[in-house]
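The sequence shown begins at 4 in the numbering used here and counts up by one. Glycine included, each C-beta is placed from N, C-alpha and C at the ideal position.
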Amino acid sequence: MNWNQMWKTTGMLAVTAMLGTALAGCGNTGSNSTTSAAGSTASKGDNTLVVYSAGPEGLAKKIEAGFEAKTGIQVEMFQGTTGKVLSRMEAEKSNPVVDVVVLASLPSMQSMAKEGMTLPYPEAANHDKLVKDWSDANGNYFSYSASALGIVYNTKQVQTPPTSWEELTQPQWKDKVNIPDPSLSGSALDFITGYLSAKGDSSWSLFQQYKQNGVAMAGANQEALDPVITGAKDVVVAGVDYMAYKAKKDGEPVDIVYPSEGTVISPRPAAIIKTTKHEEQAKQFIDYLLSDEAQQLVAKAYLLPGRTDIKAENRTNLSDIKTYPVKWDWMDEHGADVTTRFTELYK
Numbered sequence: 004m005n006w007n008q009m010w011k012t013t014g015m016l017a018v019t020a021m022l023g024t025a026l027a028g029c030g031n032t033g034s035n036s037t038t039s040a041a042g043s044t045a046s047k048g049d050n051t052l053v054v055y056s057a058g059p060e061g062l063a064k065k066i067e068a069g070f071e072a073k074t075g076i077q078v079e080m081f082q083g084t085t086g087k088v089l090s091r092m093e094a095e096k097s098n099p100v101v102d103v104v105v106l107a108s109l110p111s112m113q114s115m116a117k118e119g120m121t122l123p124y125p126e127a128a129n130h131d132k133l134v135k136d137w138s139d140a141n142g143n144y145f146s147y148s149a150s151a152l153g154i155v156y157n158t159k160q161v162q163t164p165p166t167s168w169e170e171l172t173q174p175q176w177k178d179k180v181n182i183p184d185p186s187l188s189g190s191a192l193d194f195i196t197g198y199l200s201a202k203g204d205s206s207w208s209l210f211q212q213y214k215q216n217g218v219a220m221a222g223a224n225q226e227a228l229d230p231v232i233t234g235a236k237d238v239v240v241a242g243v244d245y246m247a248y249k250a251k252k253d254g255e256p257v258d259i260v261y262p263s264e265g266t267v268i269s270p271r272p273a274a275i276i277k278t279t280k281h282e283e284q285a286k287q288f289i290d291y292l293l294s295d296e297a298q299q300l301v302a303k304a305y306l307l308p309g310r311t312d313i314k315a316e317n318r319t320n321l322s323d324i325k326t327y328p329v330k331w332d333w334m335d336e337h338g339a340d341v342t343t344r345f346t347e348l349y350k
C-alpha cells in the first residue's frame with residue numbers, strides 16, 4: 004500500500020480543503036512558511052529550502068531559526084499533521100516544490116522510500132549515532148526524534164491513573180476516554196498498527212472493547228488532548244508524550260504513564276525528496292537535524308532525541324520505556340486497512 008493511498012483512502016482531507024487552509028496561512032506555519040500550494044519558490048534562487056514538517060511547531064521554528072543562522076539558507080516551512088503534509092505533496096504532484104519532508108509516522112516514510120520518492124544521503128553527519136531501527140541503512144530517511152505513546156490523564160480528576168491499556172476497558176472509565184484519529188495522526192496510526200503487529204489480529208478486541216466502553220475518536224493529537232486538559236474527559240489513550248510533558252510544564256493538570264506491558268515509539272523521520280532542486284542545501288538541513296545543536300533542541304522540546312548519545316533531562320528516556328516488539332514492515336503494509344477498519348468502528 005503506497006503512502007498516498009494510506010492517507011487518501013481514509014477520507015482524511017480533501018485536497019481542496021487543504022489548499023484553502025494553506026492559502027489562509029495554515030495556522031501552524033512559521034513566519035517564513037510557503038503561502039501557495041505549488042510553485043512558491045520558483046523565483047527564490049538557490050539559497051532557499053522548502054521544508055514540510057509534521058511539527059511540533061515550537062521545535063520546528065527553533066530548528067528553522069538555528070539552521071538559517073548557521074548556514075544563511077532561507078527556510079520556507081509548511082507545518083501540519085502527517086496527513087496534511089502528505090495531502091499537500093499529492094496536490095503538488097505535477098509540480099513538486101518541497102525539498103525536505105519531516106513526518107510523524109515512520110511507516111508512511113518507509114512507503115515513500117519504497118516508491119523511490121526519497122534521495123539517499125548515506126554520508127549524513129552523525130547517522131551512525133542514530134537509533135538504528137528508526138532510520139534507513141541506505142540513508143533514505145533519518146529519524147531525528149521520536150515520541151512515545153502513553154496514557155495521559157487529568158491529575159485533578161484521576162487520583163489513581165491506569166497502568167495498562169486493558170484497564171481502560173473497565174466500567175469506571177466509561178465515556179471518559181479519548182483516542183486520536185489515526186487518519187489525522189501519524190503517531191496514533193503508529194500506535195494502533197504497532198500494537199496489532201506485536202500482539203496479532205486477535206488484539207483488535209482491545210479497540211472493540213474501547214468502543215463499547217465509550218472511548219471517543221477525537222481528531223488529531225491536540226484535539227484529543229484538549230478535553231483532558233479542560234476536564235471534559237479524564238484520559239487520552241495513545242497520547243503523545245511530548246505534548247503531555249509540555250502541557251504539564253505550562254501548568255496544566257495533566258501527567259502521563261507508560262503502561263507496564265509496553266508501548267509503541269513513534270519516530271519522526273526526515274528525508275530529502277528526490278525531486279529537490281536544492282540537493283546540497285537539503286543535505287545541510289539533514290546534517291543540522293542530526294547535529295549536537297539540533298538534538299539538544301529536540302531534548303528541550305520533550306521529545307526523544309534520535310541520537311543514542313544524547314539524553315533528555317526533562318522527561319523519561321528511551322532506555323526507561325518498555326516497548327512492544329513492533330514490526331515496521333507489517334505496519335507499513337497494513338496501515339491503510341487498519342485506518343479504514345478503525346475509523347469505521349468508531350463512526
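For Asp184 and Met220, what's the separation of their Cα atoms in angstroms?
6 Å
Tell whether a beta-carbon distance below 8 Å holds between Met112 and Tyr144.
Met112 is a Cβ neighbour of Tyr144, given a cutoff of 8 Å.
So what's Leu133 in DSSP terms, helix, strand or just coil?
strand
Every unbroken alpha helix (DSSP H) within the segment 84-153, with a cutoff of 4 residues, ordered by chain:
85-94, 109-117
Sorted by chain position, which residues of the same chain lie with C-beta nearer than 7 Å to Gly234's C-beta, five sequence neighbours on each side aside?
Asn157, Lys159, Gln160
My assumption, with CB atoms under 8 Å, is that Val267 sits in contact with Tyr198. Please give the rounded CB distance.
6 Å
CB contact flag (Trp168, Leu209, <8 Å):
yes
Three-state class that DSSP yields for Leu157 in the structure shown:
Here residue 157 is Asn; the residue named in the question, Leu, does not match the sequence. Assigned with DSSP and collapsed to three states, Asn157 falls in strand.
Burial state of Thr172, where buried means 16 or more other Cβ atoms lie within 10 Å
Buried is the call here.
Tell me whether Lys64 is buried or exposed, calling it buried when 16 or more other Cβ atoms sit within 10 Å of its Cβ.
Looking at its Cβ environment, which holds 16 or more other Cβ atoms inside 10 Å, Lys64 is buried.
Can you name the start and end residues of the alpha helix (DSSP H) that Asp184 belongs to?
Segment: none, Asp184 is in no alpha helix (DSSP H) and carries neither H nor E.
Below 8 Å between beta carbons: does that hold for Phe70 and Phe345?
The answer is no: Cβ separation not under 8 Å.
Where does Leu307 sit, in a helix, a strand or coil, going by DSSP?
In the structure shown, Leu307 falls within a strand segment according to DSSP collapsed to helix, strand and coil.
When the Cα atoms are used, what is the spatial distance from Lys132 to Asp312?
The straight-line gap from Cα to Cα measures roughly 7 Å.
Under the three-state DSSP convention, the category Tyr291 falls into
helix
For a test of the three-state rule: what should DSSP assign to Val267, helix, strand or coil?
coil
Nearest neighbour of Leu52, chosen from Ile276, Pro110, Ile182, Ser138 [CA to CA]
Ile276
For Pro272, write down the residues that DSSP places opposite it in a beta bridge.
Ser146
State whether the segment 236-244 contacts the segment 126-140, with contact taken as three or more CB pairs (one from each stretch) at a distance under 8 Å.
no
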